[in-house]
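J.: Converting from the sequence shown to our numbering requires adding 187 to each position, the first position being numbered 1.
In this text, a Cβ means the ideal position worked out from N, Cα and C, and glycines have one as well.
This structure is a prediction, so every number in the text was calculated from the model and none was measured.
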Amino acid sequence: MSPNIGEIMVEVVLYRDREGRPAGFQVDGHAGFDIYGKDIVCAAVSVLAQTTVMGLEHYLPGLVERDVSPGRLVCRLKGGLTPEQAERAGVILGTMELGLEATAVSYAKYLRLRKEVQP
Numbered sequence: 188m189s190p191n192i193g194e195i196m197v198e199v200v201l202y203r204d205r206e207g208r209p210a211g212f213q214v215d216g217h218a219g220f221d222i223y224g225k226d227i228v229c230a231a232v233s234v235l236a237q238t239t240v241m242g243l244e245h246y247l248p249g250l251v252e253r254d255v256s257p258g259r260l261v262c263r264l265k266g267g268l269t270p271e272q273a274e275r276a277g278v279i280l281g282t283m284e285l286g287l288e289a290t291a292v293s294y295a296k297y298l299r300l301r302k303e304v305q306p
C-alpha cells in the first residue's frame, strides 16, 4: 500500500564536522507530492543526492562511505582529508545544499532540511 499524497515528506540531514565543514548527508522518505514515479520533489532530491555521491566518489576516490536502501541514502566522508580534499568535498556538498535549499523554497511542505554536527 502506498502512502497518501501530501501525508509524508523527504527529510535531508546535512552533516558538518566539528569545524563546520560539510561531512556528508542522509536522505530519508518520500515527498508525497505525487504518486511513485511522478513525484517531482522526490526526483529532484534523488538527482541532487545521487549526483553528489557520484561527484564525491569520482573526485575523492576511497574517501566516501555510502549506504543505500529503499527510501534512504546515507553518504559520509571518511576522516583525514587533506585541505585540498576537504575543499573539493565542500564545493560538491555545498552545491547539493544550494539545490536542496532552492527546492525547499518551492516545496517546503514536502522537503525538510536539517543541519547536524557529526559526533
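1. To the nearest angstrom, how far is it from the Cα of Ser233 to the Cα of Val278?
2. Run through the stretch 219-280 for me and flag every whole beta strand (DSSP E) of 3 or more residues, listed as ranges in chain order.
3. Only counting the same chain, and skipping five residues up and downstream in sequence, which positions put a Cβ closer than 6 angstroms to that of Arg299?
4. Could you name the residues of the same chain whose beta carbon sits closer than 6 angstroms to that of Leu280, not counting the 5 residues immediately before and after it, in chain order?
5. Considering only DSSP beta bridges, list what Gln213 is partnered with.
6. Does the stretch 264-271 come close enough to the stretch 283-301 to have 3 or more Cβ pairs within less than 8 angstroms?
7. With 16 as the cutoff for other CB atoms within 10 Å, does Gly266 come out buried or exposed?
8. Does the contact criterion of 3 or more C-beta pairs under 8 angstroms hold for the stretch 202-218 versus the stretch 249-261?
9. Do you know offhand how far Gly242's Cα is from Thr282's?
10. Using the C-alpha atoms, what's the distance from Phe220 back to Gly286?
T.: Here's the rundown:
1. By 1-based counting over the sequence shown, the position of residue 233 is 46. By 1-based counting over the sequence shown, the position of residue 278 is 91. Ser233 and Val278: Cα-Cα distance of roughly 19 angstroms.
2. Contiguous beta strand (DSSP E) elements confined to the stretch 219-280 occur at 251-256 and 259-264, taking only those with 3 or more residues.
3. Sequence index remark: in the sequence shown, residue 299 carries index 112 (1-based). Met196 and Glu198, listed in sequence order.
4. If you number the sequence shown from 1, residue 280 lands on position 93. If the five residues before and after Leu280 are omitted, its C-beta is found closer than 6 angstroms to the C-beta atoms of Pro209, all from its own chain and listed in chain order.
5. In the sequence shown, the residue the question calls residue 213 occupies position 26. In the DSSP assignment, Gln213 is bridged to Val200 and Val261.
6. Taking a cut-off of 8 angstroms on C-beta distances, the stretch 264-271 does not touch the stretch 283-301, as fewer than three cross pairs fall below it.
7. Position 79 of the sequence shown holds residue 266. Classification for Gly266: exposed.
8. The stretch 249-261 and the stretch 202-218 touch, with three or more beta-carbon pairs separated by less than 8 angstroms.
9. In the sequence shown, counting from the first residue as 1, residue 242 sits at position 55. In the sequence shown, counting from the first residue as 1, residue 282 sits at position 95. One C-alpha to the other measures close to 11 angstroms.
10. As a first step, residue 286 is located in the sequence shown; it is residue number 99 there, counting from the start. As a first step, residue 220 is located in the sequence shown; it is residue number 33 there, counting from the start. Straight-line Cα distance between these residues: approximately 18 angstroms.
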